[in-house]
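Written out below as structure tokens is the structure these notes cover.
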Amino acid sequence: MYRGVIRNPSVSITARQVGVLALPTSPNTMQLGYISKFGLQAASASVLATSAAVDSRAAAERASTSRMPGDSTVAGVRSAYIHLPFCKRKCFYCDFPVEAVGRDTTSPKVEARMRAYVDTVLREMKTTKRLGTGTLRTVFFGGGTPSLLPPSLLELLLNALDVRFGLAPDAEVSVEADPGTFDVQRLRQYRQLGVTRLSIGVQAFQNELLEACGRGHDLPDVVAAVEAVQAAGMPSWSLDLISGLPGLTAEAWRYSLQRAVEAAPDHLSVYDLQVSNYARPGHRCAHNQVYWRGLPYYAFGLGAASYLAGRRFSRPARMREYTAWVDTLSANGGDTLPGGYLPEESQEELLLDTIMLRLRTADGLDLAQLRSRFGTEALATALRALAPHEQRGTVLALDGQGRPCSSAEAAMNAAQEAATTPMPPLDAIPPAAGLGRGQVDYQQPGGGPRVRLSDPQGFLLSNDIISDVFAAFDITKATDYKGTV
Ligand code: SF4
1 MYRGVIRNPS
11 VSITARQVGV
21 LALPTSPNTM
31 QLGYISKFGL
41 QAASASVLAT
51 SAAVDSRAAA
61 ERASTSRMPG
71 DSTVAGVRSA
81 YIHLPFCKRK
91 CFYCDFPVEA
101 VGRDTTSPKV
111 EARMRAYVDT
121 VLREMKTTKR
131 LGTGTLRTVF
141 FGGGTPSLLP
151 PSLLELLLNA
161 LDVRFGLAPD
171 AEVSVEADPG
181 TFDVQRLRQY
191 RQLGVTRLSI
201 GVQAFQNELL
211 EACGRGHDLP
221 DVVAAVEAVQ
231 AAGMPSWSLD
241 LISGLPGLTA
251 EAWRYSLQRA
261 VEAAPDHLSV
271 YDLQVSNYAR
281 PGHRCAHNQV
291 YWRGLPYYAF
301 GLGAASYLAG
311 RRFSRPARMR
321 EYTAWVDTLS
331 ANGGDTLPGG
341 YLPEESQEEL
351 LLDTIMLRLR
361 TADGLDLAQL
371 RSRFGTEALA
381 TALRALAPHE
391 QRGTVLALDG
401 QGRPCSSAEA
411 AMNAAQEAAT
421 TPMPPLDAIP
431 PAAGLGRGQV
441 DYQQPGGGPR
451 VRLSDPQGFL
461 LSNDIISDVF
471 AAFDITKATD
481 YKGTV
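1 is the number of the first residue of the sequence shown in the UniProt record's numbering; add one for each residue after it.
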């Protein structure tokens with residue numbers, strides 16, 4: 001897979017870790033034109049943010065303990081990322097934790113390596129403290145090339161997650177897959193295990209480009225992969241492209257976009273220095289919403305990053321060190337919170353993270369939530385910084401009914417909403433009716449007054465706009481951003 005900024009272990013989208021100038025840029029107009037023609041809605045740099053439905057007990061528990069949207073100290077952790085690092089070979093551009101196993105991916109030697117790794121991950125799961133009582137609603141197997149993993153090993157991991165953390169029967173379970181590493185039979189086995197979503201790393205529709213970046217697949221593999229996912233009846237699938245490959249011409253890019261939309265995926269990710277996602281209604285990747293909303297998640301495996309109890313923690317990225325780390329956890333008796341010794345993110349960091357993440361989604365920044373969680377001063381500062389961009393038309397404001405309005409009106413609506421309606425916890429929005437398995441929690445945007453970047457101009461200037469907002473918050477001053485409304 002090519003890792004965009006939202007994928008674990010490169011979940012490095014916090015203001016503190018990335019810095020706004022290193023933020024990804026936004027979709028170009030050519031891709032927007034092609035993709036919107038085929039009914040895929042812009043989602044990200046506008047990835048779509050929503051929420052998890054939870055049982056009322058967990059919601060009440062969260063409401064009583066939450067500090068802010070996405071507060072990872074909340075009782076219920078609903079998501080888990082599992083890193084499966086095996087690839088046929090290492091692509092030239094890849095800097096992710098990967099173990100190259102060669103072309104003979106089913107040899108006893110390779111299977112033994114995978115089995116040993118899975119055993120280590122299972123031990124890590126057993127030692128990890130369960131936070132809260134709710135069940136997991138999204139699971140994401142990323143890599144590496146997770147589709148190299150035999151279904152029997154995937155089953156072990158899913159069973160272990162269920163035993164240790166609880167797995168909701170309608171959980172979204174995503175698996176990243178590379179062309180040339182699976183067939184329809186394997187996908188049907190995955191389906192039987194509860195996999196609901198496949199993310200296929202096509203990257204390009206030109207053999208010369210695939211070869212130039214050292215991919216382990218070619219164009220016939222891509223065609224076979226698309227046929228297999230369609231035949232397997234996967235409820236949702238994504239096609240991934242890379243827009244910045246060396247030697248990529250405008251003509252070749254146009255051709256790749258055209259072939260991608262003709263393949264009729266439910267979701268399309270376009271990676272460059274950015275990640276941009278587009279989805280058909282009802283096919284947002286729920287797990288990615290967790291990242292964009294700043295919600296907590298477990299993570300397991302080589303180099304994987306978790307976000308628990310306000311702490312982001314990355315595991316060792318070398319196999320020997322990772323195994324030794326798990327050995328130490330096990331020897332200490334388990335039930336630990338990885339990275340529990342690290343300092344929690346400060347309220348100011350959380351504020352900037354929230355603004356940055358939400359402004360990079362199609363849903364935008366909910367002003368009532370911002371006001372409720374960080375206070376009137378934070379809201380006013382953000383809107384002051386956005387005002388020049390609103391005048392230029394690159395920032396739009398919407399009232400509580402989704403109608404265009406001025407940001408001043410939206411702020412007034414937010415104040416009224418805060419005065420009359422208790423703010424629900426972000427993961428307490430009930431599931432939308434009529435949506436299928438794994439798609440119930442994260443598909444609908446919130447309905448509150450909000451500001452968002454315009455499409456495409458605002459997103460094309462997103463780095464500048466977010467930089468201006470950051471500059472307006474002088475976090476060296478002792479301003480209280482603790483939601484003292
Ligand atoms: S296929 Fe493997 S080596 Fe290539 S980019 Fe993806 S993770 Fe990296």
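Virtual Cβ for every residue (Gly too), placed ideally from N, Cα, C. Keep in mind the model is a prediction, meaning the values are calculated, not measured.
- Going by beta carbons, residue 417 and residue 368 fall inside the 9 Å limit.
- Under the DSSP assignment, residue 108 falls in the alpha helix (DSSP H) whose first and last residues are 108 to 127.
- The alpha-carbon of residue 299 is positioned some 17 Å away from that of residue 168.
- For residue 389, the enclosing alpha helix (DSSP H) stretches over residues 376 to 392.
- Counting C-beta atoms within 10 angstroms of its own C-beta, residue 97 has 16 or more neighbours from the protein chains shown and is therefore classed as buried.
- A contact is defined here as three or more CB-CB pairs under 8 Å, and the stretch 195 to 214 meets this definition with respect to the stretch 175 to 184.
- A distance criterion of 8 Å places the beta-carbon of residue 180 beyond contact range of the ligand SF4, judged by its closest non-hydrogen atom.
- A contact between stretches requires three or more CB pairs, one per stretch, nearer than 8 Å, and the stretch 274 to 292 fails this requirement with the stretch 210 to 219.
- Partner residues in the beta bridge of residue 172, as assigned by DSSP, are 138.
- Taking all protein chains in view, the Cβ of residue 102 is surrounded by fewer than 16 other Cβ atoms within 10 Å, so the residue is classified as exposed.
- The nearest non-hydrogen atom of the ligand SF4 is less than 8 Å from the C-beta of residue 145.
- Taking a cut-off of 8 Å for Cβ pairs, the stretch 179 to 187 and the stretch 227 to 234 touch, as three or more such pairs fall below it.
- Residue state for residue 470 is assigned as helix, using DSSP reduced to three classes.
- Exposed is the label assigned to residue 420, since fewer than 16 other Cβ atoms lie within 10 Å of its Cβ.
- For residue 83 against residue 142, the beta-carbon gap comes to about 6 Å, under 8 Å, which counts as contact.
- With contact defined as three or more Cβ pairs closer than 8 Å, the stretch 139 to 154 and the stretch 242 to 256 are not in contact.
- Here residue 321 is exposed, its C-beta having fewer than 16 other C-beta atoms within 10 Å.
- For residue 332, there is no enclosing beta strand (DSSP E), since its DSSP letter is neither H nor E.
- Ranking 222, 323, 123 and 348 by CA distance to the CA of residue 377 puts 348 first.
- Taking 9 Å as the cut-off, the beta carbon of residue 342 is found closer than this to the beta carbon of residue 311.
- Secondary structure of residue 221 (DSSP, three-state): helix.
- For the pair residue 204 and residue 239, the CB atoms are not nearer than the 9 Å cut-off.
- Assigned with DSSP and collapsed to three states, residue 458 falls in helix.
- Here the alpha carbons of residue 338 and residue 386 stand approximately 38 Å from one another.
- About 6 Å separates the CB atoms of residue 407 and residue 451; that is less than 8 Å, so the two are in contact.
- Nearest neighbour of residue 163 by Cα position, chosen from 222, 135, 145 and 171, turns out to be 135.
- In the DSSP assignment, residue 300 falls within the beta strand (DSSP E) that extends over 298 to 300.
- Rounded to whole angstroms, residue 457 and residue 288 show a C-alpha spacing of 24 Å.
- Taking C-beta separations shorter than 6 Å and ignoring five residues to either side along the sequence, the partners of residue 396 in its chain run 452 and 454, following chain order.
- Taking the Cβ of residue 93 as the reference point, at least one heavy atom of the ligand SF4 falls within a distance shorter than 8 Å.
- Boundaries for residue 341: no beta strand (DSSP E) harbours it, and the DSSP string shows neither H nor E there.
- Remark: C-beta atoms of residue 128 and residue 323 do not approach each other more closely than 9 Å.
- DSSP, reduced to helix, strand and coil, places residue 163 within a helical segment of the structure shown.
- If you draw a straight line from the Cα of residue 359 to the Cα of residue 214, it is about 35 Å long.
- Burial is judged here by how many other beta carbons sit within 10 angstroms of a residue's own beta carbon; residue 251 has fewer than 16 and is exposed.
- In the DSSP assignment, residue 407 falls outside any beta strand (DSSP E) and lies within the alpha helix (DSSP H) extending over 407 to 420.
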